[in-house]
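Going left to right, the sequence shown walks through residues 54 to 542 as the numbering used here numbers them. Glycine residues also receive a C-beta, built at the ideal position from the N, C-alpha and C atoms. Notes to accompany the following structure.
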Amino acid sequence: MQNDPAHCGGCGVACAAGETCARGACTAACPTGERSCAGTCVDPLTDPANCGACGVSCAAGQRCDAGSCECVPGQRLCGGRCVDPLSDPAHCGACGAACAAGEVCTRGSCTVACAPGTTACGGACVDLTRDDANCGACGNACMGGSSCAAGACACPAGLTDCGGVCVDLTSDPAHCGACATACPSTESCSFGRCVGSCPLGQTDCAGACADLQFDPANCGACGDACGPTQACRSGSCGCGRGQVDCGGVCAATQSDPANCGACGTVCAAGEVCDAGACVGMCAMDATLCAGSCVNPNNDVFHCGACGNACSPGQNCVSGSCGCAGGLTQCGRACHNTDSNRNHCGACFNQCADGETCAAGTCGGRSCPGGRTDCGGSCVRTDRDPLNCGSCGNACAAGESCVDATCAPCPRGETDCAGTCADLAVDDANCGACGATCATGQSCSDGLCCPTGQTACGGACVDTSSDDMHCGACDNACPALTACTAGACG
Numbered sequence: 054m055q056n057d058p059a060h061c062g063g064c065g066v067a068c069a070a071g072e073t074c075a076r077g078a079c080t081a082a083c084p085t086g087e088r089s090c091a092g093t094c095v096d097p098l099t100d101p102a103n104c105g106a107c108g109v110s111c112a113a114g115q116r117c118d119a120g121s122c123e124c125v126p127g128q129r130l131c132g133g134r135c136v137d138p139l140s141d142p143a144h145c146g147a148c149g150a151a152c153a154a155g156e157v158c159t160r161g162s163c164t165v166a167c168a169p170g171t172t173a174c175g176g177a178c179v180d181l182t183r184d185d186a187n188c189g190a191c192g193n194a195c196m197g198g199s200s201c202a203a204g205a206c207a208c209p210a211g212l213t214d215c216g217g218v219c220v221d222l223t224s225d226p227a228h229c230g231a232c233a234t235a236c237p238s239t240e241s242c243s244f245g246r247c248v249g250s251c252p253l254g255q256t257d258c259a260g261a262c263a264d265l266q267f268d269p270a271n272c273g274a275c276g277d278a279c280g281p282t283q284a285c286r287s288g289s290c291g292c293g294r295g296q297v298d299c300g301g302v303c304a305a306t307q308s309d310p311a312n313c314g315a316c317g318t319v320c321a322a323g324e325v326c327d328a329g330a331c332v333g334m335c336a337m338d339a340t341l342c343a344g345s346c347v348n349p350n351n352d353v354f355h356c357g358a359c360g361n362a363c364s365p366g367q368n369c370v371s372g373s374c375g376c377a378g379g380l381t382q383c384g385r386a387c388h389n390t391d392s393n394r395n396h397c398g399a400c401f402n403q404c405a406d407g408e409t410c411a412a413g414t415c416g417g418r419s420c421p422g423g424r425t426d427c428g429g430s431c432v433r434t435d436r437d438p439l440n441c442g443s444c445g446n447a448c449a450a451g452e453s454c455v456d457a458t459c460a461p462c463p464r465g466e467t468d469c470a471g472t473c474a475d476l477a478v479d480d481a482n483c484g485a486c487g488a489t490c491a492t493g494q495s496c497s498d499g500l501c502c503p504t505g506q507t508a509c510g511g512a513c514v515d516t517s518s519d520d521m522h523c524g525a526c527d528n529a530c531p532a533l534t535a536c537t538a539g540a541c542g
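Structure follows, in structure tokens:
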């Protein structure tokens, strides 16, 4: 009823000739960025039924991106529909390359059985923990913008399910602040409130106020959406550090079995991708997730469990998705409430026009020493991950801002409030961020042990005298011998 001219705002409420229905109200003209198609106001940049022009309908599985019909990243158009060449048995590896009867398509090759961690659904090997078309069970498709995480359909972080569609209550003019709460046709939705104009630094995109520097749905310009695995940084879509653009999909070439070590390098059936090489099994500290060896404690695509992907701008810390150190999640984005004038001191606490935000307090235009005015926010560009080194230079997911430079934590280390720490040996972050060892203890393999002892198999032992761990973990002394000074005798 939000845009139906025959039932505009209510059943049987018809618009007059020449009028259109926009957000539940009959109007003489469509809102900025929309056009009238058969009496309905639509956005030709995103509407799959009127993509680029009225009546231009996208094929099944395609989406309308910036006025052009396109398949989602990772798929291609074969025979008039979008297919995944890595799993479609009719187009396995290439359009028209069909698998024989009894075979399935796994990672672009026809095989007689699925790889570990995948299930055969209609001739395709899929991961039920994260496949949007087969979520938790074959044929159970996620709808309305929801995605599959850990075998269940759910809206991405910061979005809410309103009648089966995932929406952002902070910016959606048809669901502003709450489901079905629509703004008048002359207003936009900003931070969950209907307003006459967008705040400083934001742009009206079809009734929604968007920050074109960071909004993945409007990156650089209204309607320019990033791919599902990309983030918007300084108005441009891109992959995070440690990822490579492989045909429009951001791939972690260190763990992706379809792009292992390089784009297009597919591991054979039964193999997994570990540290950029196809191997038979994962290392001791890694978990197998759909053919990838990952650490669920810090992997942004498998955080805490296989298929549980963090939103752009979030990090995975100790198996939980969250904003990088010093940032707070407000809606679907991470913000620095210490300096962001639209979230000053708390989410959605907006400073007045002409004011800046410093130390979580709205004030005059000038920033205190050591801080820079970035769009009305006073920030530390030497450590702010959203303005690292300069205004608008946002670090990717999993990165920290250190001395004005975006940098990932080295392999084996974790971002703990903006500091890279080795949870196996760091006394201030032992086993988990913030877990501090007491005086007289040191961190050994993620356990706080008394000084001089070593963690072996989850217990602290003295390797100089322990008969089961003599000199080193698991080095057991033979029968009738004892461990003395780290040697059996």
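*Would you mind reading off the limits of the beta strand (DSSP E) that contains Ala59?*
From DSSP, Ala59 is part of no beta strand (DSSP E); its letter is neither H nor E.
_Per DSSP, the bridge partner or partners of Pro169_ = Looking at the DSSP output, Pro169 shares a beta bridge with no other residue.
*Find out if the Cβ-Cβ distance for the pair Cys431, Pro421 is shorter than 8 Å.*
In contact: Cys431 and Pro421 (Cβ atoms closer than 8 Å).
*Mind the definition here: the segment 154-169 touches the segment 184-196 only if three or more C-beta pairs lie below 8 Å; say whether that holds.*
Not touching, per the Cβ criterion.
_First and last residue of the uninterrupted beta strand (DSSP E) at Val157_ = Going by DSSP, Val157 is part of the beta strand (DSSP E) stretching over Val157 to Thr159.
*asked:* Suppose contacts are defined by Cβ-Cβ distances below 8 Å. Is Arg116 in contact with Glu123 by that definition?
replied: Yes, they are a contact pair.
*Measure the alpha-carbon distance for Ala491 versus Thr516 and round it to whole angstroms.*
Rounded to the nearest angstrom, the two C-alpha atoms are 21 Å apart.
*asked:* Given a cut-off of 8 Å on the beta-carbon distance, is the pair Pro310 and Cys292 in contact?
replied: No. Outside cutoff.
*Can you grab the Cα-Cα spacing for the pair Gln255 / Cys262, in whole Å?*
For Gln255 and Cys262, the gap between their C-alpha atoms comes out near 6 Å.
*Can you give me the Cβ contacts of Ala112 inside the same chain, cut-off strictly under 8 Å, excluding the 5 residues immediately before and after it?*
Result list for Ala112: Cys122, Leu130, Gly133, Arg134 and Cys135, in chain order.
_Distance between Ala321 and Ala549 (C-alpha atoms, nearest Å)_ = The displayed coordinates of the chain run from 54 to 542. Any statement about residue 549 would go beyond what the structure contains.
_With 16 other Cβ atoms within 10 Å as the buried cut-off, status of Cys64_ = So Cys64 counts as exposed.
*When you compare each of Gly510, Gln506 and Ala532 to Gly539 by their alpha carbons, which one comes out closest?*
If you compare the alpha carbons of Gly510, Gln506 and Ala532 with that of Gly539, the shortest gap goes to Gln506.
*Could you check how far apart the C-beta atoms of Gly8 and Gly357 are, in whole angstroms? I think they sit under 8 Å.*
For residue 8 there is no data in the structure shown, the boundaries of the chain being 54 and 542.
*Which residue from Cys496, Ala259, Ala412 and Ala203 puts its Cα closest to that of Asp180?*
Among Cys496, Ala259, Ala412 and Ala203, the Cα nearest to that of Asp180 belongs to Ala203.
*Under three-state DSSP, which class holds Gly416?*
In this structure, DSSP gives Gly416 an extended state, which the three-state scheme calls strand.
*Please name the residue, chosen from Ala362, Glu87 and Cys242, that lies closest to Cys201 on a Cα-to-Cα basis.*
Nearest option by C-alpha distance: Ala362.
*Count the other CB atoms, across all protein chains shown, that sit within 10 Å of the CB of Thr159; report buried if there are 16 or more and exposed otherwise.*
By the 10 Å Cβ count, Thr159 comes out buried.
_Beta-carbon separation (whole angstroms), Ala477 vs Gly499, contact threshold 8 Å_ = Yes, they are in contact, since the Cβ atoms of Ala477 and Gly499 sit about 5 Å apart, within 8 Å.
_Give me the residue from Ala485, Asn446 and Gly245 with the minimum Cα distance to Gly288._
Nearest of Ala485, Asn446 and Gly245 to Gly288, Cα basis: Asn446.
*Work out the CA separation of Gln382 and Arg424 for me, nearest whole Å.*
One C-alpha to the other measures close to 22 Å.
*In terms of residues, what are the limits of the beta strand (DSSP E) holding Val248?*
Its beta strand (DSSP E) spans residues Arg246 to Val248.
_Alpha-carbon spacing of Val347 relative to Cys374, whole angstroms_ = Between Val347 and Cys374, the alpha-carbon positions lie close to 15 Å from each other.
*Do you know how far the Cα of Ser243 is from the Cα of Val157?*
In this structure, the CA atom of Val157 is about 48 Å from the CA atom of Ser243.
*Could you give the residue range of the beta strand (DSSP E) that holds Gly197?*
Neither: Gly197 is in no beta strand (DSSP E) and is coded neither H nor E.
*asked:* Starting from Ser121, trace the beta strand (DSSP E) in both directions and tell me its first and last residue.
replied: From DSSP, the beta strand (DSSP E) with Ser121 extends over Ser121 to Cys124.
*How should Pro260 be labelled, buried or exposed, when 16 other C-beta atoms within 10 angstroms of its C-beta is the threshold for buried?*
Note that residue 260 is Gly in the sequence shown here, rather than Pro. By the neighbour-count rule (16 or more Cβ atoms within 10 Å), Gly260 is buried.
*Going by CA-CA distance only, name the one from Cys178, Gly114, Val109 and Ala153 that's closest to Leu139.*
Per the Cα distances, Cys178.
_Do Ala529 and Asp520 count as a contact pair if the criterion is CB distance below 8 Å?_
Yes, the Cβ-Cβ distance between Asp520 and Ala529 is below 8 Å.
*Segment limits, beta strand (DSSP E) that includes Asp268*: For Asp268, there is no enclosing beta strand (DSSP E), since its DSSP letter is neither H nor E.
*Within 10 angstroms of the Cβ of Thr504, are there 16 or more other Cβ atoms? Answer buried if so, exposed if not.*
It counts as exposed.
_Cβ-Cβ distance between Thr434 and Gly413 below 8 Å_ = It is not a contact, given that the beta carbons lie outside the stated cut-off.
*asked:* On the DSSP bridge list, what partners appear for His388?
replied: The bridge partners DSSP lists for His388 are Thr381.
*Take the Cβ of Ser110 as the centre, count every other Cβ of all protein chains shown within 10 Å, and call the residue buried at 16 or more, exposed below.*
With fewer than 16 other Cβ atoms within 10 Å, it is exposed.
*In the segment 274-325, which residue ranges form an unbroken beta strand (DSSP E) of at least 3 residues, counting only runs that do not cross its ends?*
Runs of the beta strand (DSSP E) lying entirely within the segment 274-325 and spanning at least 3 residues, in chain order: 284-286, 289-291, 297-299 and 302-304.
*Which whole-angstrom value is the C-beta distance of Arg394 and Cys410, which I expect to be below 8 Å?*
Taking C-beta atoms under 8 Å as the contact rule, Arg394 and Cys410 qualify, at a distance of about 4 Å.
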